[in-house]
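Reviewing the structure listed below.
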Amino acid sequence: DAGITQSPRYKITETGRQVTLMCHQTWSHSYMFWYRQDLGHGLRLIYYSAAADITDKGEVPDGYVVSRSKTENFPLTLESATRSQTSVYFCASLQGTDTQYFGPGTRLTVL
Amino acid sequence: AQKVTQAQTEISVVEKEDVTLDCVYETRDTTYYLFWYKQPPSGELVFLIRRNSFDEQNEISGRYSWNFQKSTSSFNFTITASQVVDSAVYFCALSEAGRGSTLGRLYFGRGTQLTVWP
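Chains A and B, in that order, give the protein sequences. Okay, so the first sequence: first residue is 1 according to this note's numbering, each after it adds one. Okay, so the second sequence: first residue is 112 according to this note's numbering, each after it adds one.
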């Protein structure tokens, strides 16, 4: 089915471990985004990508790394997870100025 | 400073009541887009509506209606005859399209938790 998927949907990890959250879209949209959702903050942009091999920081990029070697994939890596990175992570994609569509989210808990 | 403000953190209504969710935004761009998303208890984000800054016409879709007023920088959302299934967190968001803006980037409000009681 076409759309945007995220994996895993749930992840528990420990402080200091590396974690990678995957995002895949089948629309060939140029733009992709990673947001985190925390109570009281709404959604905040972590990183975004305008095309393959083009990425840039958003509002809260510290502690995260992204790559985009293929248009359809936009993985987000926490190099050394911290408790403050416990959150729900949403990936989204966009073509042009059209509507941004979101993946189902990944709930990450860092112990 | 917040670009999108949803002053109502929580709203509770009884079924069949009308309810309005407020959204105030701030931008210097003349071209921008406003959105509402619904997040039900299951957690996904459901797109509801997108308006561009040049279209101030109000919109109605079934029990949902949106009032866009540039003069007050507001984009309010009304649910008529609310139902239990409307219980969710509702987010208002802004996307700027001016020079220097990040195309497609959404600035979200903090959300309004709507609870509709039977």
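Even glycine gets a Cβ: it sits at the ideal position worked out from N, Cα and C. Keep in mind it's a predicted model, so treat the numbers as computed, not measured.
### Residues of the region 71-91 of chain A with Cβ closer than 9 angstroms to any Cβ of chain B, in chain order
V88, F90
### Task
Under 7 angstroms between beta-carbons, which chain B residues line up against T99/A? List them in chain order, please.
In the first sequence, counting from the first residue as 1, residue 99/A sits at position 99. The answer, in chain order, is F158, R161.
### Message
Determine, for F179/B, whether the minimum Cβ-Cβ distance to residues of chain A falls below 8 angstroms.
### Response
Start at 1 with the first residue of the second sequence, and residue 179/B comes out as number 68. No, no contact with chain A.
#### Entry: Separation of Q168/B from F33/A, as counted between CA atoms
Indexing the first sequence from 1 puts residue 33/A at position 33. Indexing the second sequence from 1 puts residue 168/B at position 57. Cα-Cα distance, rounded: 30 angstroms.
### Query
Buried or exposed: where does D197/B fall if 16 or more other Cβ atoms within 10 Å of its Cβ makes it buried?
Working through the second sequence from its first residue, we reach residue 197/B at position 86. That one is buried.
### Message
Suppose contacts are defined by Cβ-Cβ distances below 8 angstroms. Is Y136/B in contact with S184/B by that definition?
### Response
Stepping through the second sequence from its first residue, residue 136/B is reached at position 25. Stepping through the second sequence from its first residue, residue 184/B is reached at position 73. In this structure, S184/B lies closer than 8 angstroms to Y136/B by Cβ.
#### Entry: Rounded C-alpha distance that separates E121/B from D133/B
Here the question's residue 121/B lines up with position 10 in the second sequence. Here the question's residue 133/B lines up with position 22 in the second sequence. Taking the straight line joining both Cα atoms gives about 11 angstroms.
### Query
Using a C-beta cutoff of 8 angstroms, does F202/B count as contacting chain A?
If you number the second sequence from 1, residue 202/B lands on position 91. Closer than 8 angstroms to some Cβ of chain A, the Cβ of F202/B qualifies, so yes.
### Query
Closer than 8 angstroms, CB to CB, is E155/B near chain A or not?
Taking the second sequence and counting its residues from 1, one reaches residue 155/B at position 44. Interface residue, yes.
### Message
Can you check which of these residues, Y10/A, T5/A, K70/A, E14/A, is closest to E79/A by C-alpha distance?
### Response
As a position in the first sequence, residue 79/A is number 79, starting the count at 1. For E79/A, the nearest C-alpha among the options comes from E14/A.
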